[in-house]
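S.K.:
Number of protein chains: 2
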Amino acid sequence: MLENLSRIEVENPVDLIISQIRDLISSGKIKPGEKLPPERKLAEHFGVSRNQVREAINKLQIYGIVKVQPQSGTTVTGIGIVAIEGLITDILRIEKTDFKSLVDTRILLEKEAARLAAINRSNDDLIKMNIALNHYEGILLNDGFAIEEDLLFHLKISEASKNTVLRSLMMIITPDILKSFTNLKVCNENTNKKTIDEHRHILEMISEKNPDGAIEAMELHLKDVIEFSNK
Amino acid sequence: MLENLSRIEVENPVDLIISQIRDLISSGKIKPGEKLPPERKLAEHFGVSRNQVREAINKLQIYGIVKVQPQSGTTVTGIGIVAIEGLITDILRIEKTDFKSLVDTRILLEKEAARLAAINRSNDDLIKMNIALNHYEGILLNDGFAIEEDLLFHLKISEASKNTVLRSLMMIITPDILKSFTNLKVCNENTNKKTIDEHRHILEMISEKNPDGAIEAMELHLKDVIEFSNK
DNA sequence: ATGATATATTTGGTCAACCAATAATTGGGC
DNA sequence: GCCCAATTATTGGTTGACCAAATATATCAT
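Protein chains in written order, with my numbering: chain A, 4 to 234; chain B, 4 to 234.
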């Protein structure tokens with residue numbers, strides 16, 4: 004009964020440090036290409052432990068804002084100035100990404116993935132997609148919902164597209180899609196039979212190496228989601 | 004003279020630990036929702052320090068594979084099973100992204116961004132894009148190259164599209180684009196005047212709220228890059 | 001004065017010990 | 001026998017000290 008009360012969200016000290024460093028960069032005190040102050044100085048300046056500074060720098064490194072060179076220093080990447088423009092704040096409150104943006108972008112990627120898969124798929128890809136699809140159907144008919152397995156099938160399509168970047172991007176947004184769908188309860192039980200047919204149709208088009216047909220099939224499949232996101 | 008010799012790339016121990024944990028999950032020894040063994044046990048089992056395990060878990064957390072609960076334990080999230088399928092291996096060899104995939108995907112995103120920007124751009128967006136464009140031209144005419152500023156202009160377009168996810172994805176691939184361009188020396192000085200005109204044309208189309216025109220202009224602008232990636 | 005070499009300092013990386021909050025256990029009271 | 005509180009053990013978080021490599025400085029021979 005208590006889990007729906009507003010959760011007291013204590014601001015993570017590491018995120019605060021990230022913000023501080025972000026300010027250092029965006030205010031122009033440190034320009035791209037220049038070195039960040041050493042971890043010890045930063046720790047002293049912010050009045051925190053060095054490990055927390057290290058953790059913050061680690062995150063910044065993962066996002067590509069800075070590059071650490073062992074035994075030398077941490078430099079602000081040239082692209083940092085690009086990412087700083089808004090990426091970090093996005094990461095800190097990633098839940099604010101609106102649902103429509105997510106769906107629209109997903110559709111953009113999915114259609115292209117289906118098109119490329121129809122062109123580039125190997126026989127091995129076909130087998131893998133089939134396995135994923137059968138697995139999805141099995142779970143769906145038993146439990147009534149199988150969002151994860153659904154998305155897994157879609158990921159196999161992006162794999163078959165042979166475009167590694169497209170696939171990576173699909174993987175990046177997949178968790179968010181899953182989260183949103185679960186939260187908003189998009190899945191609808193009485194559409195199960197329909198979605199299975201749609202999936203089979205997509206796979207068929209890819210199998211036949213029909214790019215336009217694949218796009219069309221994917222468009223049809225995602226139509227419900229589009230409508231849901233538009234309301 | 005030595006800096007171009009093949010650098011001996013020692014596999015990062017933290018990445019190795021990530022692989023190990025990935026295996027623990029994907030092999031089914033730990034299922035979504037279940038707890039990961041405590042950090043101390045993992046450290047002992049892998050024969051490494053606890054800090055390294057913590058760092059690995061940190062990364063997994065950033066990518067949403069696991070969720071750490073202080074003083075309680077680290078649980079594998081539901082989405083893990085999807086992400087585990089390949090996301091981690093992507094993290095480990097992110098540099099293997101091939102150039103063609105990168106360019107193709109970029110074009111897909113850029114065209115959609117231009118289209119949406121032509122529909123959704125505010126007057127404020129126009130001002131920002133203009134500033135970015137002028138800044139780009141200034142640097143270009145002085146130094147002869149301004150890839151970063153170029154990409155900054157493109158990012159402003161994705162901002163004007165008002166699709167936050169699309170913008171985030173653009174930001175994610177931007178560093179890789181920059182890296183590839185620098186490595187392959189795609190930029191060509193005698194095309195400077197041309198690219199400036201192309202940029203102005205794109206901005207014009209967005210300003211006029213002409214989606215199709217914006218797509219076309221962007222296509223034209225990226226034509227050189229497409230040709231370069233196809234050879 | 002200049003150059004190379006040896007030393008000292010600074011750097012990020014690593015580690016083991018400690019802290020506070022939580023979960024599990026145990027003991028007592030009803 | 002059952003339930004609740006006090007205690008103990010376990011958890012992730014934090015800290016300061018130490019390490020090896022890279023850099024800056026000083027020293028000395030030329």
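A virtual CB, placed ideally from N, CA and C, is assigned to each residue, including glycine.
(1) Identify each residue in the region 44-68 of chain B for which the Cβ-Cβ distance to at least one residue of chain A is less than 8 Å, and report them in chain order.
(2) So, helix, strand or coil for glycine 31 of chain B, using DSSP?
(3) Starting from threonine 238 of chain A, find everything on chain B with Cβ-Cβ shorter than 7 Å and list it in chain order.
(4) Counting only C-beta atoms, is glutamate 207 of chain B closer than 7 Å to chain A at any point?
(5) According to DSSP, simplified to helix, strand and coil, what is glycine 147 of chain A?
(6) Can you tell me the Cα-Cα spacing of isoleucine 180 of chain B and leucine 105 of chain B, whole angstroms?
(7) Under 9 Å Cβ-Cβ, which residues of chain B neighbour isoleucine 176 of chain A?
(8) Which residue's Cα is closest to the Cα of glutamate 201 of chain B: B:Ile176, B:Ala163, B:Leu136 and B:Leu169?
(9) According to the neighbour-count rule (16 or more other Cβ atoms, all chains shown, within 10 Å of its Cβ), is aspartate 127 of chain A buried or exposed?
(10) Does serine 104 of chain A come within less than 7 Å of chain B when only Cβ atoms are used?
(11) What in chain B is Cβ-close to glutamate 115 of chain A, meaning under 9 Å?
(12) Under a three-way DSSP split, which group does glycine 83 of chain B fall into?
(13) Can you tell me whether leucine 39 of chain A is helix, strand or coil according to DSSP?
(14) Listing by chain order, which chain A residues have their CB less than 7 Å from the CB of aspartate 101 of chain B?
(15) Leucine 169 of chain A and alanine 116 of chain A: beta carbons closer than 7 Å?
(16) Can you tell me which of B:Lys131, B:Val51 and B:Pro16 puts its alpha carbon nearest to the alpha carbon of glutamate 162 of chain B?
(17) I'd like the span of the beta strand (DSSP E) that includes glutamine 72 of chain B, first residue to last.
(18) With DSSP as the reference, label glycine 141 of chain B as helix, strand or coil.
(19) Apart from the five residues just before and just after valine 228 of chain A, which ones in its own chain have a Cβ nearer than 6 Å to its Cβ?
(20) Using the C-alpha atoms, what's the distance from valine 69 of chain A back to phenylalanine 148 of chain A?
(21) Please list the terminal residues of the continuous alpha helix (DSSP H) segment that includes leucine 111 of chain A.
(22) For a test of the three-state rule: what should DSSP assign to glycine 50 of chain A, helix, strand or coil?
(23) Hey, how far is the Cα of alanine 220 of chain A from the Cα of glutamate 230 of chain A?
(24) So, is isoleucine 205 of chain B buried or exposed, given that buried needs 16 or more other C-beta atoms within 10 angstroms?
(25) Could you tell me the distance, in whole angstroms, from the CA atom of lysine 197 of chain B to the CA atom of leucine 172 of chain B?
(26) Would histidine 138 of chain A and glutamate 152 of chain A be called neighbours here (beta carbons separated by less than 7 Å)?
(27) Whose C-beta lies closer than 7 Å to the C-beta of glutamate 58 of chain B among residues of the same chain, with five residues either side of it excluded?
M.R.: Concretely, from the data shown:
(1) Result list: Glu58, Asn61, Lys62, Ile65 and Gly67.
(2) Per DSSP, reduced to three states, the secondary structure at glycine 31 of chain B is coil, with no helix or strand assignment.
(3) Here chain A covers residues 4 to 234 and nothing more, so residue 238 of chain A does not appear.
(4) Not a single CB atom of chain A sits nearer than 7 Å to the CB of glutamate 207 of chain B.
(5) Under the three-state reduction of DSSP output, glycine 147 of chain A falls in the coil class, being neither helix nor strand.
(6) The alpha-carbon of isoleucine 180 of chain B is positioned some 7 Å away from that of leucine 105 of chain B.
(7) Correct list: Val168, Ser171 and Leu172.
(8) Among B:Ile176, B:Ala163, B:Leu136 and B:Leu169, the Cα nearest to that of glutamate 201 of chain B is on B:Leu136.
(9) It counts as exposed.
(10) Interface with chain B (7 Å Cβ-Cβ cutoff): serine 104 of chain A is included.
(11) The contacting residues are Asp107, Thr108 and Leu111.
(12) Model confidence at glycine 83 of chain B stands at a pLDDT of 46, short of 50, so the residue's coordinates are unreliable; what they give is reported in the following sentence. Helix.
(13) DSSP places leucine 39 of chain A in strand when its eight states are reduced to three.
(14) Thr167, listed in chain order.
(15) In this structure, alanine 116 of chain A lies closer than 7 Å to leucine 169 of chain A by Cβ.
(16) When each option's Cα is compared against that of glutamate 162 of chain B, the closest is B:Lys131.
(17) Looking at the DSSP string, the run of the beta strand (DSSP E) that includes glutamine 72 of chain B is 69-72.
(18) In this structure, glycine 141 of chain B counts as helix in the three-state DSSP scheme.
(19) Cβ neighbours of valine 228 of chain A within its own chain (closer than 6 Å, five residues either side excluded): Val106.
(20) Going from the Cα of phenylalanine 148 of chain A to the Cα of valine 69 of chain A covers about 42 Å.
(21) For leucine 111 of chain A, the uninterrupted alpha helix (DSSP H) run begins and ends at 102-123, by DSSP.
(22) Looking at glycine 50 of chain A - three-state DSSP - the assignment turns out to be coil, as it is neither helix nor strand.
(23) Cα to Cα, the separation comes out at about 16 Å.
(24) Flag for isoleucine 205 of chain B reads buried.
(25) If I take the Cα positions, the gap works out to 27 Å.
(26) It is a contact, given that the beta carbons lie within the stated cut-off.
(27) When the five nearest sequence neighbours on each side are left out, the beta carbons in the same chain lying within less than 7 Å of the beta carbon of glutamate 58 of chain B are those of Val17, in order along the chain.
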